[in-house]
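Okay, so here's the structure we're looking at.
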Ligand SMILES: [Zn+2]
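Numbering (this note's numbering), first residue to last: 316 to 377.
So this is what it looks like as structure tokens:
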């Protein structure tokens with residue numbers, strides 16, 4: 316079973332940097348551009364998914 320690796324980011328951050336982490340291993344620094352319509356982006360190196368805070372809150376519907 317694949318562990319989903321999600322990082323919540325602020326809605327104002329449309330570019331996030333990823334260098335991997337201790338779980339997935341380090342990789343060269345990449346910059347990922349989050350599109351407003353998607354609200355999330357998956358790192359193509361390590362599979363970490365960056366999700367806008369507002370998207371998470373909508374999913375939980377609290
Ligand atoms: Zn990554």
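Cβ coordinates follow ideal geometry from the N, Cα and C atoms, glycine included.
- Residue 355 holds the alpha-carbon nearest to the alpha-carbon of residue 371 among 355, 328 and 362.
- No heavy atom of ligand 1 is found nearer than 7 Å to the CB of residue 322.
- Going by C-alpha positions, residue 358 is about 15 Å away from residue 337.
- Between residue 368 and residue 335, the alpha-carbon positions lie close to 20 Å from each other.
- Residue environment: residue 373 is assigned as exposed (fewer than 16 neighbouring CB atoms within 10 Å of its CB, all protein chains considered).
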